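Here the sequence shown is numbered in full-length UniProt numbering, starting from 1 and rising by one per residue.
Where is the CB? At the ideal position from N, CA and C, for every residue including glycine.
All values reported here derive from a predicted model rather than from experimental measurement.
The block underneath contains the structure these notes are about, expressed in structure tokens.
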Amino acid sequence: MHNFKELEIWKISRKFCSKVYLATNNFPQSEKFGITNQMRRSAVSIPSNIAEGASRHSNKDFCRFLEIAIGSCYELETQLLISNDLGFLNDASNHSLLYELNRIIMMASKFMSSLKKNDLK
Numbered sequence: 001m002h003n004f005k006e007l008e009i010w011k012i013s014r015k016f017c018s019k020v021y022l023a024t025n026n027f028p029q030s031e032k033f034g035i036t037n038q039m040r041r042s043a044v045s046i047p048s049n050i051a052e053g054a055s056r057h058s059n060k061d062f063c064r065f066l067e068i069a070i071g072s073c074y075e076l077e078t079q080l081l082i083s084n085d086l087g088f089l090n091d092a093s094n095h096s097l098l099y100e101l102n103r104i105i106m107m108a109s110k111f112m113s114s115l116k117k118n119d120l121k
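In structure tokens, the structure reads:
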């Protein structure tokens, strides 16, 4: 079992979630229950699944929750690209968010590899 509040990936993904909320504040009101809501839910899902996985007693279970978090990252990546296509996000904001999101994906993937290696020992 891990203390999720001490995990760097959780800290980064939590801060990233706030950035998604701020970025979607300027989306059209007509999208409040559309892409805005979906993007926020995807963003919240990332640190939430990391936290839930950290509570599990096996690395295998934790890896499963990290996989779900990565899935939420890819879902959010798609939504960011669509938002940019629709003109809801400018290119600079979109690029910055995508860069941070890919960093989270890489961190989660490396962490999963580390957990799997520890299971082999």
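Secondary structure of residue 56 (DSSP, three-state): coil. One Cα belongs to residue 105, the other to residue 50, and the distance between them is close to 12 Å. Between residue 93 and residue 84, the alpha-carbon positions lie close to 9 Å from each other.
Straight-line measurement puts the Cα of residue 2 at about 10 Å from the Cα of residue 58. Look at residue 71 here: in three-state DSSP terms it is helix. Cβ contact annotation for residue 89 (same chain, cutoff 6 Å, sequence separation greater than five): 83, in chain order. Residue 11: member of the alpha helix (DSSP H) spanning 8-24, first to last residue. Contact check for residue 101 against residue 67 fails: the beta carbons are separated by 7 Å or more. By the neighbour-count definition (other C-beta atoms within 10 Å, threshold 16), residue 47 is a buried residue.
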